[in-house]
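In what follows, a structure is listed as structure tokens, so that the remarks can point back to it.
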Amino acid sequence: MTKRLSLAIALLTAIAAIGGLIGFQGGVPSPSEAVAAAEGAEKIPAPPQTSATPWTAPDQEAAKKRAQEFVPFVEAVMEECDLCRQMRLRETGLGIKDITNSYFLLDSPIIKKTEDLYGPVRFKHSKHASQLKDCALCHHRRPLDAKAKETTRCSACHQEAFRSDQPERLGLKAAFHQQCTGCHQEMQKGPTDCLGCHRKNVPDHKELVKLPEKPEPTQVTQECLRCHKAAGEDMLKTAHWLWKGPSPYTLNRSKHVEHGKATSAVNNF
Ligand code: HEC
Ligand code: HEC
Ligand code: HEC
Ligand code: HEC
Ligand code: HEC
């Protein structure tokens, strides 16, 4: 029982850290406020700080659906040099007016089949296009098929990694990482750290955590441990839990006493 009690203290500290996840959401705009603010200024407001905030993009639902669409694989790709492509696209007049979606959630089922560490990556398409002024920077190849779009989606050509039939093509995850992060590095603008683009897949704790009206500290700990068993066990191996040392009063005495959290001092209050 005593172990549980101080685990409660430790976990309460953690709760403070994730306060935003389980309730204290003052200051975060409601979806309607966010949309209203967005219409006043920039089309798409900045991404929220945590995945649990209630903000959604104006076309969030459509963006979610788009992310799940399967695009048939394109075998034959038109060969042209980067500069030729850039010039050709400029001549055809391809520009902002041809953008059909100002916003994408990148959350490909192809990638998620093998890895699912994070929530969808938000990508402000129109903002990028208007700032970079060159569609070919990202839409760097087109299918050979003359009927296909110049701006065919990345996932039509980049799918699973190491396909034996297309060994020179990167898998979709690498294609995104290399192009997105590569440009950010080169221009020294835009995020290059993982959490600049990814938010952890942390579910909304307002719904997960079930507690009575005025919970005892131990009840809170119990509730967290229902899902975070490993975190509880890790805690028992940390210095916070195990710390102890000789008592200054018993140094150089015949009876030596070890004092500290691991024995009596704090873990045993
Ligand atoms: C500039 C943006 C950007 C940065 C920076 C970035 N990524 Fe990604 N990452 C993406 C995109 C886009 C995808 C593809 C998302 C999709 O379609 O599912 C992706 C996919 C992934 C995936 C597979 C999907 C998943 O949810 O598990 C992993 C794992 C991943 N990234 C790890 C990292 C790590 C680790 C770093 C830091 C070293 C990093 N990324 C930095 C944009 C970024
Ligand atoms: C910074 C990179 C970048 C730039 C610049 C860019 N795009 Fe895109 N575009 C993307 C990404 C990423 C997607 C989503 C691809 C996917 O889902 O596989 C996309 C998707 C699209 C789509 C939707 C394709 C479909 O079939 O649904 C169109 C249309 C498009 N872009 C047009 C344009 C035009 C026109 C320009 C230039 C004015 C442009 N893009 C500039 C990265 C870019
Ligand atoms: C029509 C097919 C096609 C489309 C669409 C396509 N790619 Fe590629 N991509 C290729 C091929 C083929 C290669 C292999 C090397 C080459 O030809 O440049 C490649 C190579 C790459 C590379 C390796 C570096 C380089 O430039 O050669 C990156 C990064 C990349 N693609 C990212 C993307 C992203 C991101 C998108 C979507 C915005 C995209 N690709 C759309 C066909 C395509
Ligand atoms: C050719 C260059 C280029 C490519 C490719 C590119 N970006 Fe960016 N990105 C930028 C620049 C420049 C900024 C800085 C914009 C600013 O701060 O005003 C930026 C900013 C961002 C930001 C932070 C600001 C915002 O708009 O939310 C995110 C997130 C981001 N990029 C994601 C991506 C993802 C995901 C991809 C790949 C699908 C990508 N970028 C591809 C140039 C690029
Ligand atoms: C019904 C299950 C459930 C309950 C109950 C629960 N969590 Fe979580 N929690 C999760 C899941 C799932 C994640 C995301 C995966 C992960 O990071 O382990 C998560 C993530 C977290 C994270 C983020 C971890 C990180 O690395 O970013 C913190 C902090 C956290 N929980 C604290 C708590 C606390 C404190 C409590 C008790 C008040 C609690 N959780 C109760 C399921 C739960």
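Take 744 as the starting number for the sequence shown in my numbering and just add one per residue.
Every residue, glycine too, gets a C-beta built ideally from N, C-alpha and C.
Subject >> C-beta atoms of Leu951 and Glu893 nearer than 8 Å >> reply: What you label residue 951 is simply residue 208 of the sequence shown in a count that begins at 1. What you label residue 893 is simply residue 150 of the sequence shown in a count that begins at 1. Not closer than 8 Å, so no.
Original post:
How about Glu858: is its Cβ closer than 7 Å to a heavy atom in ligand 5?
Top reply: Residue numbering aside, residue 858 sits at position 115 when the sequence shown is read from its first letter. Glu858: no, Cβ never under 7 Å from ligand 5.
Original post:
Given Thr924, which residues of its chain have a CB within under 6 Å of its CB, disregarding the five upstream and five downstream residues?
Top reply: Counted from its first residue, the sequence shown places residue 924 at position 181. These residues qualify, in order along the chain: Thr935.
Original post:
So what does DSSP say about Phe816, is it helix, strand or coil?
Top reply: Against the sequence shown, residue 816 aligns to sequence position 73. In the three-state DSSP reduction, Phe816 falls in the coil class, being neither helix nor strand.
Subject >> Pair within 8 Å by beta-carbon distance, His901 and Arg885 >> reply: Against the sequence shown, residue 901 aligns to sequence position 158. Against the sequence shown, residue 885 aligns to sequence position 142. Not a contact, by the Cβ cut-off of 8 Å.
Original post:
Using the C-alpha atoms, what's the distance from Gly939 back to Lys987?
Top reply: Residue mapping note: residue 987 aligns to position 244 of the sequence shown, counting from 1. Residue mapping note: residue 939 aligns to position 196 of the sequence shown, counting from 1. Straight-line Cα distance between these residues: approximately 39 Å.
Original post:
For the beta strand (DSSP E) that Leu848 lies in, which residues bound it at each end?
Top reply: Indexing the sequence shown from 1 puts residue 848 at position 105. From DSSP, the beta strand (DSSP E) with Leu848 extends over Tyr846 to Leu849.
Subject >> Touching by the beta-carbon criterion (3+ pairs, under 8 Å), the segment 869-876 and the segment 816-832 >> reply: No: the two stretches stay apart, fewer than three of their Cβ pairs being nearer than 8 Å.
Original post:
Taking Cβ to Cβ, would you say Gly914 is nearer than 8 Å to Ala904?
Top reply: Indexing the sequence shown from 1 puts residue 914 at position 171. Indexing the sequence shown from 1 puts residue 904 at position 161. Yes, the Cβ-Cβ distance between Gly914 and Ala904 is below 8 Å.
Original post:
Is His871 near ligand 4, in the sense that its beta carbon is under 7 Å from a heavy atom of that ligand?
Top reply: Numbered from 1 along the sequence shown, position 128 holds the residue referred to as residue 871. At least one heavy atom of ligand 4 is nearer than 7 Å to the Cβ of His871, so yes.
Original post:
If you run the structure through DSSP and keep just helix, strand and coil, what is Phe905?
Top reply: Taking the sequence shown and counting its residues from 1, the one referred to as residue 905 is at position 162. In the structure shown, Phe905 sits in coil (DSSP, three-state: anything other than H, G, I, E or B).
Original post:
Excluding sequence positions up to five away, which residues of its chain have a Cβ less than 7 Å from the Cβ of Ala879?
Top reply: Translated into positions along the sequence shown, residue 879 becomes position 136. So the list reads Arg828, Gln829 and Leu832, once near-sequence residues are dropped.
Original post:
Which residues, in chain order, sit with a beta-carbon under 6 Å away from any heavy atom of ligand 3?
Top reply: Val817, Val820, Cys881, His882, His883, Arg884, Arg885, Pro886, Thr895, Cys897, Ala899, Cys900, His901, Glu911, Arg912, Leu913, Ala918, Phe919, Gln921 and Gln922
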